[in-house]
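Written below as C-alpha cells is the structure these notes are about.
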Amino acid sequence: MNPFRLCVVLFFFFLLSFPSKTKQDRCFLSRADISVDLPDEKDKIKLFATPKGGATLATQLVFRRLGLLQEARKYDRWIHQYRHNVFEPNQTNRGCAVCQDESWSCIKLVRSPLDRAVSSYFHSVVNHDLLQEPGITRNSTFASFIKVLNCRADKFPRKQDVQPYHFLPQSSDCDKYIQYLLPIEDATLGLERLSELTGVAFDDTGLKSGHYVKTKVNDVKEQSSVDVPGSVLLEYLPGYENYFLNKTVNRMVCCAFFLDLLLYEEACNSSWWGDVLHEGCSQKVEWHRAVCGEWWEEIASQVKRAERPNGPQNKLQEKLKEEKEKIRKARRIARRKQKSKLFSLSNST
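Going by mature numbering (1 follows the signal peptide of the UniProt record, and there is no 0), the letters in the sequence shown line up with residues -24 to -1, 1 to 325, in that order.
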C-alpha cells in the first residue's frame, strides 16, 4: 500500500475512535418493552411490571384475584412458568393500547432503580450461564457489571429471551398511557388506595418474591462493595447502600437508569395518592437524590436533547421502525410470489 493510501486508512480509523455525537449526547439506556402484562378481562384492569421490579408480586396478585394462584403454584414452583406457558397464550388485549380506553384501569408496579440495579446484578451473576453474556460471570464485580450494561445493554436481544429484561430499564413507551404507577415499597398502601379509586381490590396478604436475593445481617458497614467479585458477595450479601459509595460507579448507574429514576419519582409523587402517607417511596427518592444529585441536571439535559422530536433517540426509533417495515414488505412480496407460483403450478396440472 502506498504512503498516501496508508495515511487515508489511518485517518479513517482515527475518526472512528471518537464516540459518535449520539453516544456523547446520551448515556442513559433506552426504554424497554413491557415484559409482564397481566389483564383481568372481566373487570377491565391490568397490572404491568418488569423482572426484578415487581413481576412476581404482580403475577401473584392477578392470579389470586382470578383464582389461579394455587393452580399456578402446583404447575411449577416458579410461578412465571405458568404465566408463560398457560396464562399468556390465552390472553387477549395484550399491550397498553387498552389503557387509552377510559373503561380500563392500568397499574404498573415500579421499584427503586438503585435497589433493582443491585438485585439485577446478583441475578446476572447467579444466572450467568442463562444470560450467555461474555462480560458477565460469577466473579463479575458490580462495577464491571454496570460497565457492561453501559456498553452493551442496547444491543441485547429483546425478543423471546426473558433474561435481558432482568436488567433492562423498567421504563417503557407505554408509561404515558398508564394511569397508576405504584412503587412496590408502598404496595400495600397503594393497593388499598387504588381499590377506593377503581373499585377493584387486590389482596397482597402473605405474598412475596421467594427468589429475590436478600441482604444478610452483617458487620460490613460503609465499605464499598463495587469491586468485590460476585462469588464472594454472595457469601455475606452486604446492604444495597454499600454498592453506592464509589462516585464513578454511582454516576454510571444513575446515568444508565435515569429514565427509571424519573419514573419512580413520578410514581411516588402521583396525585392519585391523595392524602395517603407513603413514606417508603419518599425515603427512596431522598436516597436517589443523595446518590445521583451531583449529576441530575447534567443527565436530565441529555434526556431532553435526546428525546426532542428530532433528537437521536427518536431518530433511532424511526430508523428501527423503517427497518421493520422493510422486512414486513419483503415478507409480503415473498408470500405473494409464493402464492403466484403455486397458482401457476396448479393451472399447469
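Just so you know, even glycine gets a beta-carbon here, dropped at the ideal spot from N, CA and C.
- Looking at the backbone, the Cα of Cys268 and that of Trp80 are separated by about 36 Å.
- Inter-segment contact for the stretch 230 to 246 and the stretch 89 to 98 is present: three or more beta-carbon pairs are separated by less than 8 Å.
- The DSSP-derived three-state label of Ser100 is helix.
- In the displayed model, Asp105 falls within a helix according to three-state DSSP.
- Closest in C-alpha terms to Val86, from the list Ala73, Ala25, Ser120, comes Ala25.
- Contact between Pro205 and Asn115 holds, with the beta-carbon distance rounding to 4 Å and staying under 8 Å.
- Under the three-state reduction of DSSP output, Phe24 falls in the strand class.
- In its chain, beyond the 5 residues on either side, Ala177, Phe178 have a beta carbon closer than 8 Å to the beta carbon of Ser171.
- By the neighbour-count definition (other C-beta atoms within 10 Å, threshold 16), Ile112 is a buried residue.
- Counting along the chain, the unbroken alpha helix (DSSP H) around Val267 starts and ends at 255 to 268.
- If you draw a straight line from the Cα of Ile154 to the Cα of Cys257, it is about 19 Å long.
- DSSP, reduced to helix, strand and coil, places Leu37 within a helical segment of the structure shown.
- Separation of Ile21 and Cys82 (C-alpha to C-alpha, rounded to the nearest whole angstrom) is 6 Å.
- Take Gln36, set aside five residues on each side of it, and the residues of its chain with a beta-carbon closer than 7 Å to its own are Leu45, Ile55, Leu183, in chain order.
- With a beta-carbon spacing of about 10 Å, Phe118 and Ser100 fall beyond the 8 Å limit used to define contacts.
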